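**Student:**
In the UniProt record's numbering, the protein residues as written are 1 to 68.
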């Protein structure tokens with residue numbers, strides 16, 4: 001119907017960009033991998049998969065430590 005605010009389900013799928021759809025799909029996959037059958041969260045597996053990144057030695061907009 002012209003002028004209505006209803007959105008067709010097929011049209012709404014085309015609105016999401018491909019890279020956003022892939023990002024959401026990866027998030028859902030990771031969430032389902034980390035969730036146990038009883039609904040709890042597998043923290044050990046999460047710690048294993050978590051990326052560890054060291055702090056930047058030269059912060060762009062941070063504070064610097066002054067030795068007095």
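Glycine included, C-beta positions come from ideal geometry on N, C-alpha and C. Every value quoted in this text rests on a predicted model; they were computed, and no experiment measured them.
Report yes if the CB atom of residue 46 is closer than 8 angstroms to the CB atom of residue 29, and no otherwise.
**Tutor:** Counting from 1 along the chain shown, the entry for residue 46 is found at position 46. Counting from 1 along the chain shown, the entry for residue 29 is found at position 29. Going by C-beta atoms, residue 46 is not nearer than 8 angstroms to residue 29.
**Student:** Does DSSP classify residue 35 as helix, strand or coil?
**Tutor:** In the chain shown, counting from the first residue as 1, residue 35 sits at position 35. Looking at residue 35 - three-state DSSP - the assignment turns out to be strand.
**Student:** Tell me, please, which residues DSSP counts as bridged to residue 41.
**Tutor:** Here the question's residue 41 lines up with position 41 in the chain shown. BP columns for residue 41 point to 35.
**Student:** Taking C-alpha atoms, which residue in 56, 60, 31 and 25 lies nearest to residue 50?
**Tutor:** As a position in the chain shown, residue 50 is number 50, starting the count at 1. The shortest Cα separation from residue 50 among 56, 60, 31 and 25 belongs to 31.
**Student:** What three-state label does DSSP hand residue 52 in the structure shown?
**Tutor:** Reading the chain shown from its first residue, position 52 is the one you call residue 52. Residue 52: coil per DSSP, three-state reduction.
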